[in-house]
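Numbering-wise, this note's numbering puts 71 at position 48 of the sequence shown, and it's gapless, one number per residue. Backbone N, C-alpha and C define an ideal beta-carbon position, used for all residues, glycine too. See below for the structure under consideration.
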Amino acid sequence: MTALTGSDRSSPDRERAPRPVTVADLVDARSPGFDLLRLVLAGLVLVSHSWPLGGFGAEPGSPLAPDRLTLGGFAVAGFFAMSGLLVGRSAARRPFGSFVRARAVRIVPGYAVAVVASAVPVALLAWIHEHGGLGGFFTLGTDGPVAYVGRALLFPTEMFHNVRGVFATSTPFGTATGEGMVNGSLWTLPYEVRCYLVVGLLAFAVHRWGERRSVLVAWAATGALAVAYRADAELTGFVVGPLADETLVMLLFVFLSGTLAGAFGDRIRLLGPLPVVALIVALVAGRTSLFLSEHVGGAALALLLPPLALLLAPLGARLAGVDLSYGVYLYAWPVQQLLAMYGVTSSATVFVLLSAAITAVVATASWFGVERPLMHRWKRATP
């Protein structure tokens, strides 16, 4: 019996038909389709950001909610839904300490290097371009590069993206917004880390009350909190305090939707009726309100992405375990800001293709130089 097929035993009369492939089969087999799907989602973020960063207009719309969400917003929701599915299932099956270390090794090194690189050389190159030299760049002020790196490494939910004196007047995005963002994509990482901590802690409840019951209760509670924010954000924020904000609750709901799909994964057929129903619900939600687009549409991706991963598995196998998606997500924004600053903005097509090519090179360096070596070292050191 293979990982993604049902029983291959035969009866004396006839061979038993294979059972339908489920979400659990795909996740447990670590389908390479998920690797390719993550890369596609990272590419969609790059494409979506190309329009405002290159000065070509507003971001393209989401395929599920074209009038309410951007293509980048759709991709971010996809990341959180898929992470909830894959990481949540892992958290329920391993000790909390081991889970936290594994997530930290995967996320922190690449993120830390990207944060430093956003200040030096990215912001440094922008400073030299705009000011004609290094003078005044290396300051200890609250809006300087040192403070930017220090704050970002704390994974704050209120990410400060600007470094004083760069990009605000030399790029289309800067002149349109007045913001000198060196890496505007990093805002999701602190939220993702908090989602990891939630499912890691949820594992304690899983061991006592079972995976399905625990995840379902957490998912329902997060949904109720999202509705409370919708009804009265100020009061809910006061009651919840600094532990969460409206954005975290929304992203956590999408994340836990993936975790919930994983908990019931052995009952969800990849090519069954549930993904079809999810698609219909997501399309209706996307045309109803922003709240439903973000929460219901995002949650639906937990059922829509696994069938896509199944279809992409043959192509994903060609990646041979190389995962460039994180590097693409981390470095696309600063690469595009530099291209825009140097005037590569005559054509949206050229801007997208050139930024994708350069970002792929940087992401490859990140994977082979930072991410993979540290993951391998941790695995060798783990008993």
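One or two residues paired with residue i in a DSSP bridge
{"i": "residue 84", "result": "93"}
{"i": "residue 45", "result": "292"}
Within 7 Å, strictly: CB atoms of residue i and residue j
{"i": "residue 248", "j": "residue 277", "result": "no"}
{"i": "residue 108", "j": "residue 285", "result": "yes"}
{"i": "residue 60", "j": "residue 335", "result": "yes"}
{"i": "residue 97", "j": "residue 85", "result": "yes"}
{"i": "residue 323", "j": "residue 301", "result": "yes"}
{"i": "residue 223", "j": "residue 57", "result": "no"}
{"i": "residue 283", "j": "residue 333", "result": "no"}
{"i": "residue 387", "j": "residue 358", "result": "no"}
{"i": "residue 352", "j": "residue 274", "result": "no"}
{"i": "residue 375", "j": "residue 354", "result": "no"}
{"i": "residue 364", "j": "residue 193", "result": "yes"}
{"i": "residue 67", "j": "residue 94", "result": "yes"}
{"i": "residue 104", "j": "residue 369", "result": "no"}
{"i": "residue 308", "j": "residue 299", "result": "no"}
{"i": "residue 88", "j": "residue 316", "result": "yes"}
{"i": "residue 190", "j": "residue 201", "result": "no"}
Which of helix, strand or coil DSSP assigns to residue i
{"i": "residue 126", "result": "helix"}
{"i": "residue 204", "result": "strand"}
{"i": "residue 165", "result": "coil"}
{"i": "residue 51", "result": "helix"}
{"i": "residue 57", "result": "helix"}
{"i": "residue 387", "result": "helix"}
{"i": "residue 279", "result": "helix"}
{"i": "residue 261", "result": "helix"}
{"i": "residue 79", "result": "coil"}
{"i": "residue 100", "result": "helix"}
{"i": "residue 370", "result": "coil"}
{"i": "residue 112", "result": "helix"}
{"i": "residue 118", "result": "coil"}
{"i": "residue 157", "result": "coil"}
{"i": "residue 267", "result": "coil"}
{"i": "residue 36", "result": "Note that residue 36 scores 47 on pLDDT, short of 50, meaning its location in the model is unreliable; the coordinates nonetheless yield the value given after this. Residue 36: coil per DSSP, three-state reduction."}
Close beta carbons around residue i, own chain, < 6 Å, minus the five adjacent residues each side
{"i": "residue 348", "result": "61, 62 and 65"}
{"i": "residue 321", "result": "100 and 277"}
{"i": "residue 183", "result": "174"}
{"i": "residue 346", "result": "58"}
{"i": "residue 243", "result": "none"}
{"i": "residue 142", "result": "168, 171 and 172"}
{"i": "residue 393", "result": "132, 133 and 136"}
{"i": "residue 259", "result": "251 and 252"}
{"i": "residue 153", "result": "193"}
{"i": "residue 13", "result": "A query on residue 13 cannot be resolved here, the shown segment of the chain reaching from 24 to 406 and no further."}
{"i": "residue 92", "result": "85 and 316"}
Same chain only: Cβ atoms within 7 Å of residue i, ignoring 5 sequence neighbours per side
{"i": "residue 400", "result": "none"}
{"i": "residue 237", "result": "225, 228 and 229"}
{"i": "residue 288", "result": "45, 46, 47 and 50"}
{"i": "residue 342", "result": "55, 58 and 59"}
{"i": "residue 207", "result": "184 and 356"}
{"i": "residue 314", "result": "253"}
{"i": "residue 176", "result": "135 and 138"}
{"i": "residue 128", "result": "397, 398 and 401"}
{"i": "residue 304", "result": "319 and 323"}
Nonlocal neighbours in the same chain, by C-beta distance under 8 Å from residue i, ignoring five residues either side
{"i": "residue 163", "result": "169 and 170"}
{"i": "residue 199", "result": "75 and 78"}
{"i": "residue 157", "result": "147, 150 and 151"}
{"i": "residue 73", "result": "79, 359, 371, 374, 375 and 378"}
Closer than 6 Å: residue i CB and nearest the ligand MG heavy atom
{"i": "residue 402", "result": "Although the ligand MG was asked about, the structure shown includes no ligands whatsoever."}
Practice item. Enumerate, from N- to C-terminal direction, the unbroken alpha helix (DSSP H) stretches of 4 or more residues contained entirely within the segment 304-366. Key: 321-339 and 348-364
Exercise for review: Kindly provide the ranges of any beta strand (DSSP E) runs that are 3 or more residues long and lie completely inside the segment 170-252, ordered along the chain.
Suggested key: none
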